[in-house]
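Undergrad: Dropping a structure here in structure tokens format, bear with me for questions.
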Amino acid sequence: MTQLFASSPSAVTNNEKRGNFPALSLPSRKHSNESGHLPTRIKNFFRINSSSSHSPPNASGSTERERDSHGSVKNEKSAFRQSRFLPGIGRNRSTTVASEGNPLDDAMSPTASANPYFAHQGQPALRHRNDGSVPSSPPDTPELQVTGVSAVEQANTTNKEELARKLRRVASAPNAQGLFTSGQGDRPQTADLGKEPLVEQSGGSMGLADPNSEEYNLAVPSSLSSDFGSNASFRRTYSSNSIKVRNVEVGPASFDKIKMIGKGDVGKVYLVREKKSSRLYAMKVLSKKEMIKRNKIKRALAEQEILATSNHPFIVTLYHSFQSEDYLYLCMEYCSGGEFFRTLQTRPGKSISEDAARFYAAEVIAALEYLHLMGFIYRDLKPENILLHQSGHIMLSDFDLSKQSGPGGAPTMIPARSGGNSTTGLPTIDTKSCIADFRTNSFVGTEEYIAPEVIKGCGHTSAVDWWTLGILIYEMLYGTTPFKGKNRNATFASILRDEVNFPEHSGAQQTSNLCKSLIRKLLIKDETKRLGARAGASDVKTHPFFRQTQWALIRHMKPPMIPHQGRAGTDTVNFRNVKESASVDIGGTDPTRMKGVPMDSGLATPNGELNDPFEEFNSVTLHHEGDM
Ligand SMILES: Nc1ncnc2c1ncn2[C@@H]1O[C@H](COP(=O)(O)OP(=O)(O)OP(=O)(O)O)[C@@H](O)[C@H]1O
1 MTQLFASSPS AVTNNEKRGN FPALSLPSRK HSNESGHLPT RIKNFFRINS SSSHSPPNAS
61 GSTERERDSH GSVKNEKSAF RQSRFLPGIG RNRSTTVASE GNPLDDAMSP TASANPYFAH
121 QGQPALRHRN DGSVPSSPPD TPELQVTGVS AVEQANTTNK EELARKLRRV ASAPNAQGLF
181 TSGQGDRPQT ADLGKEPLVE QSGGSMGLAD PNSEEYNLAV PSSLSSDFGS NASFRRTYSS
241 NSIKVRNVEV GPASFDKIKM IGKGDVGKVY LVREKKSSRL YAMKVLSKKE MIKRNKIKRA
301 LAEQEILATS NHPFIVTLYH SFQSEDYLYL CMEYCSGGEF FRTLQTRPGK SISEDAARFY
361 AAEVIAALEY LHLMGFIYRD LKPENILLHQ SGHIMLSDFD LSKQSGPGGA PTMIPARSGG
421 NSTTGLPTID TKSCIADFRT NSFVGTEEYI APEVIKGCGH TSAVDWWTLG ILIYEMLYGT
481 TPFKGKNRNA TFASILRDEV NFPEHSGAQQ TSNLCKSLIR KLLIKDETKR LGARAGASDV
541 KTHPFFRQTQ WALIRHMKPP MIPHQGRAGT DTVNFRNVKE SASVDIGGTD PTRMKGVPMD
601 SGLATPNGEL NDPFEEFNSV TLHHEGDM
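Under the UniProt record's numbering, read the sequence shown as residues 1 to 628, first letter to last.
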């Protein structure tokens, strides 16, 4: 076991008090219908699953955007990440977010400016300039803490901007179209909180709640509408013995800010301590004005939705979500080990052994399996979005690019004889059916991780997550991604055209044929032939590369790398230093203005009223079993 990097451990979260992870009961926040039953597809899944060797879905658990849709440079996180690449490597990785409908017929075009990648939906193109330069930095560009660049190189670099330019990866222009459309599948439907909301009852059964009760249900993802009957006033709620969803019990003033630990294009993430309990949390604070400006409202709502609905050891836990007039707040479990990306970057060759890669891949697969079962496509898998828990296990984070499917089917069982698990002779669970026919057409992802079907703009399915898994495993083993070109066009052309190659030079990682076979199958360009296309996660889990993997026990296994513990719980030793200048004053929020949007947000109507696109944001507190 490698003691890898330092961390701040005494983030005394609820999970940690119970052990390392949230209780491993069946999904603690399950969807339930009005009659008080879990959706059939989820119920069936667990019924089947409990009699198979597969782990239950909760048994185990970015965006490099430099420019917004207005073309301004953004995302400190991205700048920092770019700074972590050696100049010689010149790696550029970017997140591309564009809107629906994205035919990219000339994807092979070598001319960046003529290529729709760079000017999708008329937004200003963010491109990898041939001279390697990048747009000017945002006003709050952090001091670059250049990891992975020798002191000599830093000293020789005359100014930081130049250094940043040398190291920066290119990012693209996020743009969510149809900001205020509320079509099904675009946006969660909101429960009418005034009408007999459902609450959980002891024992996990559901019943009609006292309308005055504090506990209530939340918005229903359209993905679950089939379970409730079409267009019925179905609602999502949470039936569980271990999780209770209540009206939010905290506000910005309930927390002391300790330190900023991350920054995205509209969000800042702080390590905070709850005054009452002294518990540490990671609080993501999203600026409403920025979200409006950058058309990211739907993404923020979706992120809250996914976090609040998910309950999985390998998916970051949400404890509270609330809002003020200026901000949305997501109060999450603090992952003191920081980004997996950083871990990889500190390893020799920026890579890890095949056994270690198998371990992390298995945890990621368990998380993806769960997300697909819940009707979500993750769409932004990459080491930057994998956080490390203090224990060294992974936690997926950053769901703002995730997509919620339309009505899904029930998970089904594939008997061993007709294609079940050939290694165990047991039936296989088909979790792909939960999300099977759902196609979405956003142009979204991270440049080097984008799947061919996304580039082609012909719509994509949950199979994109299996593609990104292939890229991730490759990157864990070789310290680079397989299709990276000298610019975005070259990368996309390679993704569409080239077969994956495995480095064979003397210093390269020796990789087994089974591992290569897995990567090749995950990186099949035809999504219908890709591993995972038939039965979802089960296809991947039953690949012989994972023959020895004890799926049900992964979360109890010792991770290959354990984050260093800082002396104090608040030592954010596994995080970069983020410049605090533009820090949000979370405590100074006027408690009487806990919703709405600022007058100068541009959403005022001619009558002087304000449209409130954040009306549907759910302010809740999630009580987990074992909480005080
Ligand atoms: N739960 C957490 N525990 C510890 N650190 C976290 C947590 N959540 C986020 N961070 C840190 O904050 C950074 C930014 O978080 P996140 O990626 O969710 O923000 P974002 O605004 O959505 O970024 P982007 O614009 O790239 O989507 C992460 O890279 C990570 O370093």
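For glycine and all other residues, C-beta sits at the position ideal for the given N, C-alpha and C.
(1) The alpha helix (DSSP H) with Gln304 in it runs from where to where?
(2) For Gly264, count the other beta carbons within 10 Å of its own beta carbon; 16 or more makes it buried, fewer makes it exposed. Which is it?
(3) Measuring CB to CB, does Ala366 end up less than 9 Å from Cys515?
(4) Just the Cα atoms here: how many angstroms apart are Gly566 and Thr621?
(5) Leaving aside the five residues before and after Gly178 along the sequence, list all residues of the same chain whose C-beta is less than 6 Å from its C-beta, in chain order.
(6) When DSSP labels each residue in this structure, what does His460 get in the three-state scheme?
(7) Keeping to the same chain, check which residues put their C-beta closer than 8 Å to that of Pro503; ignore five residues upstream and five downstream.
(8) CB-CB under 6 Å to Asp539, same chain, minus the five flanking residues each way: which ones, in chain order?
(9) Are Gly392 and Pro559 closer than 9 Å when you measure CB to CB?
(10) Would you tell me roughly how many angstroms separate the C-alpha atoms of Gly457 and Ile495, rounded to the nearest one?
(11) With DSSP collapsed to three states, give me the class of Thr404.
(12) Write down the C-beta distance between Leu381 and Leu472 rounded to the nearest angstrom, noting that I regard them as a contact closer than 8 Å.
(13) Starting from the C-beta of Tyr474, find all residues in its chain whose C-beta is less than 6 Å away, skip the five residues before and the five after it, and write them out in chain order.
(14) Does the beta-carbon of Asp526, which I'm using as the reference point, lie nearer than 8 Å to any heavy atom of ligand 1?
(15) Leaving out five residues on either side along the sequence, give the residues of the same chain with a beta carbon under 6 Å from the beta carbon of Phe359.
(16) Could you give the C-beta distance for Val248 and Phe322, rounded to a whole number, given that I count them as a contact under 8 Å?
(17) Assign Leu307 to buried or exposed, taking buried as 16 or more other Cβ atoms, counted over all protein chains shown, within 10 Å of its Cβ.
(18) Asp430 bridges to which residues according to DSSP?
(19) Please check the pair Lys595 and Glu325, which I expect to be a contact at CB under 8 Å, by giving their CB distance rounded to whole angstroms.
(20) Does DSSP put Gly470 in a helix, a strand or coil?
(21) Check the C-beta distance from Phe340 over to Pro383 and give it rounded, since I have them as a contact under 8 Å.
(22) Taking the straight line between their C-alpha atoms, what separation do you get for Gly569 and Arg534?
(23) Ends of the beta strand (DSSP E) at Thr621?
(24) Please classify Asp326: does DSSP put it in a helix, a strand, or coil?
(25) Apply the 10 Å Cβ neighbour rule to Asp498 and answer buried if 16 or more other Cβ atoms are within range, or exposed otherwise.
(26) Of all the options Ser336, Val285, Lys288 and Lys284, which has the alpha carbon lying nearest to the alpha carbon of Tyr575?
(27) Can you give me the C-alpha to C-alpha distance between Asp256 and Tyr449, rounded to a whole angstrom?
(28) Beta-carbon within less than 6 Å of Gly349's beta-carbon, same chain only, minus the 5 sequence neighbours each way: which residues are those?
(29) Does DSSP classify Met395 as helix, strand or coil?
(30) Please determine whether the Cβ atom of Ala282 lies at a distance below 8 Å from any heavy atom of ligand 1.
(31) Could you name the residues that DSSP lists as bridge partners for Met260?
(32) Roughly how many angstroms separate the alpha carbons of Arg294 and Gly507, rounded to a whole number?
(33) Check each candidate in Ala361, Leu344 and Glu615 and name the one with the smallest Cα separation from Val597.
(34) Near Met476, which residues of its chain fall below 8 Å by C-beta distance, leaving aside the five closest residues on each side in sequence?
(35) Going by beta carbon distance, what residues of the same chain come within less than 6 Å of Lys17, once the five residues before and after it are set aside?
(36) Around the C-beta of Lys275, are 16 or more other C-beta atoms found within 10 angstroms, so that it is buried, or is it exposed?
TA: By the coordinates alone:
(1) Taking the first residue of the sequence shown as position 1, residue 304 is located at position 304. Unbroken alpha helix (DSSP H) run through Gln304: Ile297 to Thr309.
(2) As a position in the sequence shown, residue 264 is number 264, starting the count at 1. Around the beta carbon of Gly264, a 10 Å sphere encloses 16 or more other beta carbons of the protein chains shown; the residue is thus reported as buried.
(3) Within the sequence shown, the letter at position 366 stands for residue 366. Within the sequence shown, the letter at position 515 stands for residue 515. Taking 9 Å as the Cβ cut-off, Ala366 and Cys515 do not qualify as a contacting pair.
(4) Working through the sequence shown from its first residue, we reach residue 566 at position 566. Working through the sequence shown from its first residue, we reach residue 621 at position 621. Going from the Cα of Gly566 to the Cα of Thr621 covers about 29 Å.
(5) The residue you call residue 178 lines up with position 178 of the sequence shown. Per-residue confidence for Gly178 stands at a pLDDT of 26, beneath the threshold of 50, marking its modelled position as unreliable; no derived number is given.
(6) As a position in the sequence shown, residue 460 is number 460, starting the count at 1. Looking at His460 - three-state DSSP - the assignment turns out to be strand.
(7) Along the sequence shown, one-based indexing puts residue 503 at 503. Cβ within range, chain order: Tyr478 and Gln509.
(8) Working through the sequence shown from its first residue, we reach residue 539 at position 539. Leu531 and Gly532, listed in sequence order.
(9) Looking up residue 392 in the sequence shown gives position 392. Looking up residue 559 in the sequence shown gives position 559. For Gly392 and Pro559, yes; Cβs fall inside 9 Å.
(10) Taking the first residue of the sequence shown as 1, we reach residue 457 at position 457. Taking the first residue of the sequence shown as 1, we reach residue 495 at position 495. Rounded to whole angstroms, Gly457 and Ile495 show a C-alpha spacing of 14 Å.
(11) Working through the sequence shown from its first residue, we reach residue 404 at position 404. The displayed chain sequence assigns Gln, not Thr, to residue 404. Gln404 falls in the strand class under three-state DSSP.
(12) Position 381 of the sequence shown, counted from the start, is the residue given in the question as residue 381. Position 472 of the sequence shown, counted from the start, is the residue given in the question as residue 472. The beta-carbon distance between Leu381 and Leu472, rounded to whole angstroms, is 6 Å. This is short enough to meet the 8 Å contact definition.
(13) One-based indexing of the sequence shown puts residue 474 at position 474. Excluding the 5 residues flanking it on each side, Tyr474 has same chain C-beta neighbours closer than 6 Å at Pro482 and Ile519, in chain order.
(14) In the sequence shown, counting from the first residue as 1, residue 526 sits at position 526. It does not: the Cβ of Asp526 is nowhere closer than 8 Å to a heavy atom of ligand 1.
(15) For the purposes of this step, residue 359 is taken as residue 359 along the sequence shown, with counting starting at 1. Taking C-beta separations shorter than 6 Å and ignoring five residues to either side along the sequence, the partners of Phe359 in its chain run Pro560, following chain order.
(16) Taking the sequence shown and counting its residues from 1, one reaches residue 248 at position 248. Taking the sequence shown and counting its residues from 1, one reaches residue 322 at position 322. Contact between Val248 and Phe322 holds, with the beta-carbon distance rounding to 5 Å and staying under 8 Å.
(17) As a working note, residue 307 is residue 307 in the sequence shown. Leu307 is buried by the Cβ-count criterion.
(18) For the purposes of this step, residue 430 is identified with residue 430 of the sequence shown, where counting begins at 1. Its beta-bridge partners are Thr412.
(19) For the purposes of this step, residue 595 is identified with residue 595 of the sequence shown, where counting begins at 1. For the purposes of this step, residue 325 is identified with residue 325 of the sequence shown, where counting begins at 1. So it is a contact: roughly 7 Å between Cβ atoms.
(20) The residue given as residue 470 occupies position 470 in the sequence shown. Look at Gly470 here: in three-state DSSP terms it is helix.
(21) Mapped onto the sequence shown, residue 340 falls at position 340. Mapped onto the sequence shown, residue 383 falls at position 383. Right, their Cβ atoms sit about 5 Å apart.
(22) In the sequence shown, the residue the question calls residue 569 occupies position 569. In the sequence shown, the residue the question calls residue 534 occupies position 534. Rounded to the nearest angstrom, the gap between the Cα atoms of Gly569 and Arg534 is 45 Å.
(23) Start at 1 with the first residue of the sequence shown, and residue 621 comes out as number 621. Counted as a single uninterrupted DSSP element, the beta strand (DSSP E) harbouring Thr621 occupies residues Val620 to His624.
(24) Looking up residue 326 in the sequence shown gives position 326. In the structure shown, Asp326 sits in coil (DSSP, three-state: anything other than H, G, I, E or B).
(25) Looking up residue 498 in the sequence shown gives position 498. Classification for Asp498: exposed.
(26) Within the sequence shown, numbered from 1, the residue matching residue 575 stands at position 575. The sequence given here has Phe at residue 575, not Tyr. Scanning Ser336, Val285, Lys288 and Lys284 for the CA closest to the CA of Phe575 turns up Ser336.
(27) The residue labelled residue 256 in the question sits at position 256 within the sequence shown. The residue labelled residue 449 in the question sits at position 449 within the sequence shown. Whole-angstrom Cα-Cα distance: 37 Å.
(28) Working through the sequence shown from its first residue, we reach residue 349 at position 349. Gly479.
(29) By one-based count along the sequence shown, residue 395 stands at place 395. Note: Met395 maps to strand in three-state DSSP.
(30) Within the sequence shown, residue 282 is the residue found at index 282, counting from 1. Yes, the beta carbon of Ala282 sits closer than 8 Å to at least one heavy atom of ligand 1.
(31) In the sequence shown, counting from the first residue as 1, residue 260 sits at position 260. Its beta-bridge partners are Tyr270.
(32) For the purposes of this step, residue 294 is taken as residue 294 along the sequence shown, with counting starting at 1. For the purposes of this step, residue 507 is taken as residue 507 along the sequence shown, with counting starting at 1. Each residue's alpha carbon lies about 44 Å from the other.
(33) Stepping through the sequence shown from its first residue, residue 597 is reached at position 597. Ranked by how close their Cα comes to the Cα of Val597, the residues Ala361, Leu344 and Glu615 have Glu615 in first place.
(34) As a position in the sequence shown, residue 476 is number 476, starting the count at 1. Closer than 8 Å at Cβ, skipping near neighbours: Leu344, Ser351, Ile352, Ala356, Ala357, Tyr360, Ala361 and Pro383.
(35) Residue mapping note: residue 17 aligns to position 17 of the sequence shown, counting from 1. Unreliable placement is indicated for Lys17, whose pLDDT of 35 sits below 50; the coordinate value is still reported in the next sentence. A distance below 6 Å between beta-carbons, with the five flanking residues on each side excluded, links Lys17 to no residue of its chain.
(36) Stepping through the sequence shown from its first residue, residue 275 is reached at position 275. Counting every other CB atom within 10 Å of its CB across the protein chains shown gives Lys275 a total below 16, marking it as exposed.
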